[in-house]
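Enquirer: When we follow UniProt numbering, the leftmost residue of the sequence shown carries the number 1, and every step to the right adds one.
Quick reminder that beta carbons are idealized off the backbone N, C-alpha and C, glycines included.
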Amino acid sequence: MQLSSLSTLNYRNLAPGTLSFPGGVTGVYGENGAGKTNLLEAAYLALTGLTDVTRLEQLVQAGEQEAYVRADLESGGSLSIQEVGLGRGRRQLKVDGVRVRAGDLPRGSAVWIRPEDSELVFGSPSGRRAYLDALLSKLSARYGQQLARYERTVSQRNAALKSGEEWAMHVWDDTLLKLGTDIMLFRRRALTRLAELAADANAALGSRKALVLTLQESTSPETYAFDLAGRRAEELARGSTVTGPHRDDLLLSLGGFPATEYASRGEGRTISLALRRAELELLSEKFGEKPVLLIDDFSAELDPARRQYLLDLAASVPQAIVTGTERAPGATRTFRAHAGRFTLDGPEPADHDDGLAEAVPGVMTS
Ligand SMILES: Nc1ncnc2c1ncn2[C@@H]1O[C@H](COP(=O)(O)OP(=O)(O)O)[C@@H](O)[C@H]1O
Ligand SMILES: [Mg+2]
């Protein structure tokens, strides 16, 4: 997968325009607040249709009503255009001009590595679940669908519990058990390979402590119906579903100790890198093509050896975009970011392409 160019209009603080990206590593450097993270976020959105902001309005430039991002892609010799329109809390996706649903976009197109990933290690179980669920939804469209249906069922069931509708529970429980069991079984299957890849990556990052991933399940496929029935009274009292895969955690143990409580900041950052590396490998294995690698702030919180690991990783994939407050060494093309604009600043690429294509809507970026 290769991102030939990215266009944005009214996206956060980014000036409207189009940036073209060569294969290999593109570096983007500039001061804090320049728009480097916003650029990667826009690229990830255009590539995958995904964003993790809670309100889509946050992505729309202050004072504007709608925002737009577009990725021109090349994959296995064929070209495609993916567009995302944002406005009034809605997200509209198009591939080659035809409206599609989120699940219809290619699922292995990008991996985003950023300093906030440390929260995967030190944050709450919900962040680790979100990592696992997002990854598994990329690996299997069916998982994503089952998960969405499961989450809807949990919230409808919670509403019924809150209004004391005990009589309705047998109906909800049937659906819950079926979907929840599917989810648990899928997670168990995927975890084997994920755990292997993450452990390998952690070792490759120079950690001498073994990283072990396990699922902490709130119930199991074998005991689910029994556990659910056994906690009925508690659920009615609390008005919420207290057992099931929405309560699971992805336990990270480093050298035999839970990383969430015991790992140092640096060890935690290393583990989060290992998790992203594992994601990259799993998607490559599944789709037979390397995703575009987006690395935000390559030097943040990292010692020289781990920085080098990230730069080597970027150089090992067909295409990577690497941001930082300093220039990423070895980049094919480098942009300097300033106040939402990106100007070419590196060695000229051989084809004398100046890195700036015609702006799709609006003005040029330099
Ligand atoms: N919806 C928005 N409208 C306008 N500006 C925004 C919006 N969201 C974020 N910004 C601005 O974007 C800037 C942050 O850009 P960012 O990409 O995080 O910078 P960095 O280069 O440090 O990664 C901040 O100045 C912030 O105020
Ligand atoms: Mg940033």
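How about Thr-323: is its Cβ closer than 8 Å to a heavy atom in ligand 2?
Expert: Thr-323 Cβ: within cutoff of ligand 2.
Enquirer: As a quick exercise: from Ala-320, Glu-326, Ala-339, Leu-215, pick the residue whose alpha carbon is nearest that of Ser-20.
Expert: Closest by alpha carbon: Ala-320.
Enquirer: Would you call the CB atoms of Ser-153 and Leu-179 closer than 9 Å?
Expert: Position check: residue 153 holds Thr in this sequence, whereas Ser was assumed. Their beta carbons are under 9 Å apart, which means Thr-153 touches Leu-179 by this criterion.
Enquirer: Can Asp-297 be considered in contact with ligand 2, in the sense that its beta carbon sits closer than 8 Å to one or more heavy atoms?
Expert: Yes, the Cβ of Asp-297 comes within 8 Å of a heavy atom of ligand 2.
Enquirer: Determine the direct distance from the alpha carbon of Arg-341 to that of Pro-16, and round the result to whole angstroms.
Expert: Their backbone Cα atoms lie some 9 Å apart in a straight line.
Enquirer: Roughly how many angstroms separate the alpha carbons of Pro-115 and Asn-38, rounded to a whole number?
Expert: Their Cα atoms are separated by approximately 14 Å.
Enquirer: At 3 residues or longer, what runs of the beta strand (DSSP E) sit wholly inside the stretch 93-156?
Expert: As far as the stretch 93-156 is concerned, its whole beta strand (DSSP E) runs of at least 3 residues are 98-100, 110-113.
Enquirer: Please enumerate, following chain order, all residues with a beta carbon closer than 5 Å to at least one heavy atom belonging to ligand 1.
Expert: Those residues, listed in chain order, are Arg-12, Asn-13, Asn-32, Gly-33, Ala-34, Gly-35, Lys-36, Thr-37, Asn-38, Gln-61, Ala-62.
Enquirer: Roughly how many whole angstroms lie between the Cα atoms of Ser-78 and Gly-97?
Expert: Those two C-alpha atoms are separated by around 16 Å.
Enquirer: Grouping DSSP H, G and I as helix and E and B as strand, with all else coil, what is Gly-266?
Expert: Of the three classes helix, strand and coil, the one that applies to Gly-266 here is helix, per DSSP.
Enquirer: With a threshold of 8 Å, are at least 3 pairs of Cβ atoms found where one atom belongs to the stretch 22-32 and the other to the stretch 52-71?
Expert: Too few Cβ pairs lie closer than 8 Å, so no.
Enquirer: Gln-216 and Leu-251 - do their beta-carbons sit closer together than 9 Å?
Expert: Yes, the Cβ-Cβ distance between Leu-251 and Gln-216 is below 9 Å.
Enquirer: For Glu-358, which residues in the same chain have their Cβ closer than 6 Å to its Cβ, ignoring the five residues on either side in sequence?
Expert: In this predicted model, Glu-358 has a pLDDT of only 43, less than 50, meaning its place in the structure is not dependable; the value taken from the coordinates is given anyway. Hits under 6 Å: none found.
Enquirer: Apart from the five residues just before and just after Val-363, which ones in its own chain have a Cβ nearer than 7 Å to its Cβ?
Expert: The predicted position of Val-363 is uncertain, since its pLDDT is 38 and thus under 50; a value taken from the coordinates is nonetheless stated next. Excluding positions up to five away in sequence, the list reads Pro-16, Gly-17.
Enquirer: Quick check: Tyr-68 and Trp-112, are their CB atoms within less than 9 Å of each other?
Expert: In this structure, Trp-112 does not lie closer than 9 Å to Tyr-68 by Cβ.
Enquirer: From the DSSP output, in three-state form, read off Thr-243 for me.
Expert: The answer is coil: DSSP assigns Thr-243 none of H, G, I, E or B.
Enquirer: Let me know if Gln-308 comes out buried or exposed under the rule of 16 or more other beta-carbons within 10 Å of its beta-carbon.
Expert: The residue in question, Gln-308, is exposed, as its Cβ has fewer than 16 Cβ neighbours within 10 Å.
Enquirer: Within the chosen definition, does the stretch 272-282 reach the stretch 187-201 through at least 3 CB pairs nearer than 8 Å?
Expert: With the cut-off at 8 Å, the stretch 272-282 and the stretch 187-201 touch.
Enquirer: Unbroken alpha helix (DSSP H) runs of length 4 or more, entirely within the stretch 279-330: which are they?
Expert: If we require 4 residues or more, the alpha helix (DSSP H) runs fully inside the stretch 279-330 come out as 304-316.
Enquirer: Just to confirm the assignment, what range does the alpha helix (DSSP H) spanning Ala-43 have?
Expert: It spans 36-48 - the alpha helix (DSSP H) in which Ala-43 sits, taken as one unbroken run.
Enquirer: Following the continuous alpha helix (DSSP H) through Leu-251, name the residue where it begins and the one where it ends.
Expert: It is not in any alpha helix (DSSP H) - Leu-251 instead sits in the beta strand (DSSP E) that spans 249-254.
Enquirer: Just how far apart, CA to CA, sit Glu-119 and Val-95?
Expert: In a straight line, the C-alpha of Glu-119 is about 33 Å away from that of Val-95.
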